[in-house]
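Asker: For what it's worth, the numbering used here labels the leading residue of the sequence shown as 110, then goes sequentially. All C-beta atoms, glycine included, are put in the ideal place defined by N, C-alpha and C. Quick one: structure below, then a few questions.
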Amino acid sequence: MTAAGLGPVLLAHGGADPGGDPWAGWVVPALVAVLPAAGYLVGAGRLRGSGRRWSSARTASFLLGTVLAGVALSPAIGAGTAGGHMAQHLLLGMYAPIALVLGAPGTLLLAVLPVRGRRAVAAVLRARVVHLVSHVAVAAVLAVGLLYLLYLTPLYALSTRSEPVHSALHLHFLLSGYLYAWAVAGPDPAPRRPGMAVRVAVLVGAGGAHAFLAKLLHARAPELPPGSGHGVAEIERAAQWMYYGGHLGELVLLVALFAAWYGHTGRAGLGVRPDRRLPAGTAAERG
């Protein structure tokens, strides 16, 4: 397969290549789904092989996340339309990251790494830049703030014409969504994670900002996003998906947050704050 044949795979809005290999569009999605899943399964298998437990629910959640990410990048989405783009946004920026985060890949990594490797991971988590970007408020700005820049400026139109911009946009959706879900409700260790009240407040605020942008797109469909070339009805439909699909993702994240909080309250009397500590590798044995 040539580099030219991979171009339509990476261009979210470029559509299929009529003269290319019909299977070319599935290569990148398959790699995105299979490689992380294989690494996770190897780690879980090593853990179980050493006699330690690992939650099947976490495994299923992570595998679901890899599938959702792969589907988001696949030709099945029909990403040449505004609705297809919005489906990619919801899958890559919300649903896949939440499922991946709830799989606790960081905890699994800490469990299978040797002592030196665990120390290296802990050092990364204690770095100042990680402290900054992993704060739930900063993570919310990175995840939701870009959407305002994307849909209220010519950036969206540029992304339909530029392969590098499209690829960067996909990567940002996935990474910022993962960072935000981890900061809000991730079971993996996080540096100086704020308390429950702060995380709930940020989740509600970010959800409101996401919903407001969806309403703005719907109300100003004839002019937003600038230069998109999509029809008014198409933009209105995509805005509706953004509004209702966003609420669904936020509800799942809220349930995950309260479930984690409920699971931790049993140790509150002992003064233990699991969400603020960097656990040892054996913490993965919690199922």
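Label PHE282 either buried or exposed according to how many other C-beta atoms from any shown protein chain fall within 10 Å of its C-beta, with 16 as the threshold for buried.
Answerer: By the 10 Å Cβ count, PHE282 comes out buried.
Asker: Kindly indicate which three-state DSSP category PRO263 falls into: helix, strand or coil?
Answerer: Note: PRO263 maps to coil in three-state DSSP.
Asker: Any idea if ARG302 is buried or exposed, counting beta-carbon neighbours within 10 angstroms, 16 or more meaning buried?
Answerer: With 16 or more other Cβ atoms within 10 Å, it is buried.
Asker: Take every Cβ of the stretch 244–259, pair it with every Cβ of the stretch 212–226, and state whether three or more of those distances are shorter than 8 Å.
Answerer: No: the two stretches stay apart, fewer than three of their Cβ pairs being nearer than 8 Å.
Asker: So VAL253 packs on HIS319, CB below 8 Å; how close in whole Å?
Answerer: With 8 Å as the limit, VAL253 and HIS319 qualify as a contact, their Cβ atoms being about 5 Å apart.
Asker: What's the gap between the Cα of SER337 and the Cα of ALA294?
Answerer: Their backbone Cα atoms lie some 35 Å apart in a straight line.
Asker: Thinking just about the alpha-carbon of each residue, which of HIS198, GLY317, PRO298 is nearest to the one in VAL210?
Answerer: Ranking HIS198, GLY317, PRO298 by Cα distance to VAL210 puts PRO298 first.
Asker: For ARG308, tell me which candidate among GLY286, LEU362, GLU332, ARG270 has the shortest Cα-Cα distance.
Answerer: For ARG308, the nearest C-alpha among the options comes from LEU362.
Asker: For LEU241, tell me which candidate among PRO300, ALA178, PRO145 has the shortest Cα-Cα distance.
Answerer: Of the candidates PRO300, ALA178, PRO145, the one whose C-alpha sits nearest the C-alpha of LEU241 is PRO300.
Asker: Let me know the secondary structure DSSP gives ALA205 once reduced to three states.
Answerer: Three-state DSSP puts ALA205 in a helix.
Asker: What's the call for GLU332, buried or exposed, on a 16-neighbour Cβ count within 10 Å?
Answerer: It counts as exposed.
Asker: According to DSSP, is THR216 helix, strand or coil?
Answerer: THR216 falls in the helix class under three-state DSSP.
Asker: Would you kindly work out how many angstroms separate the C-alpha atoms of LEU322 and LEU261, rounded to a whole number?
Answerer: Cα-Cα distance, rounded: 9 Å.
Asker: Just reading off the alpha helix (DSSP H) that GLU345 is part of, what are its end residues?
Answerer: Run containing GLU345: 341–373, per the alpha helix (DSSP H) assignment.
Asker: In the DSSP assignment, find the unbroken alpha helix (DSSP H) run with SER170 in it and report its ends.
Answerer: Segment 165–181, the alpha helix (DSSP H) holding SER170.
Asker: Roughly how many angstroms lie between the CA atoms of THR168 and ARG329, to the nearest whole one?
Answerer: Cα to Cα, the separation comes out at about 42 Å.
Asker: Rounded to a whole number of angstroms, what is the C-alpha to C-alpha distance between ALA191 and ALA266?
Answerer: Rounded to whole angstroms, ALA191 to ALA266 spans 11 Å at the Cα level.
Asker: Please report the distance separating the alpha-carbon of TRP350 from that of MET195.
Answerer: Roughly 7 Å between the two C-alpha positions.
Asker: ALA236 by DSSP, collapsed to three states: which one?
Answerer: Three-state DSSP puts ALA236 in coil, outside helix and strand.
Asker: Nearest CA to the CA of ALA369: which residue from ALA232, PHE171, GLY304, ALA133?
Answerer: Looking at the Cα atoms, GLY304 is the closest of the given residues.
Asker: Only counting the same chain, and skipping five residues up and downstream in sequence, which positions put a Cβ closer than 7 Å to that of LEU258?
Answerer: Closer than 7 Å at the Cβ level, and outside the excluded window around LEU258, lie LEU264.
Asker: Using the C-alpha atoms, what's the distance from ALA229 back to HIS198?
Answerer: So the two alpha carbons sit approximately 33 Å from each other.
Asker: Short check: CB of GLY202 to CB of GLY148, under 7 Å?
Answerer: No, the pair does not count as a contact, with Cβ atoms beyond the cut-off.
Asker: What are the boundary residues of the alpha helix (DSSP H) that includes GLY338?
Answerer: Neither: GLY338 is in no alpha helix (DSSP H) and is coded neither H nor E.
Asker: To which residues of the same chain is LEU278 closer than 6 Å at the C-beta, ignoring the five residues directly before and after it?
Answerer: Answer for LEU278: SER268, listed in chain order.
Asker: By Cβ distance below 6 Å, which residues in the same chain neighbour VAL176 in space, the five residues on each side in sequence not counted?
Answerer: Here the set comprises ALA142.
Asker: Once the 5 residues before and after VAL341 are set aside, which same chain residues still bring their CB inside 8 Å of it?
Answerer: Answer for VAL341: ALA330, PRO331, listed in chain order.
Asker: Excluding the 5 residues flanking TYR352 on each side, which residues of the same chain have their C-beta closer than 7 Å to its C-beta?
Answerer: Around TYR352: ALA320, ALA323, LYS324.
Asker: Under 8 Å by Cβ, that's how I've got GLY290 and PRO206 pegged, so tell me the actual separation to the nearest angstrom.
Answerer: Just to set this straight, residue 290 is Ala in the shown sequence, not Gly. Between PRO206 and ALA290 the Cβ distance is about 5 Å, and since that is below 8 Å, they are a contact.
Asker: How close, in whole Å, do the beta carbons of LEU200 and VAL180 come, if the pair is a contact with beta carbons under 8 Å?
Answerer: That belief holds up - the Cβ atoms of LEU200 and VAL180 are roughly 6 Å apart, short of 8 Å.
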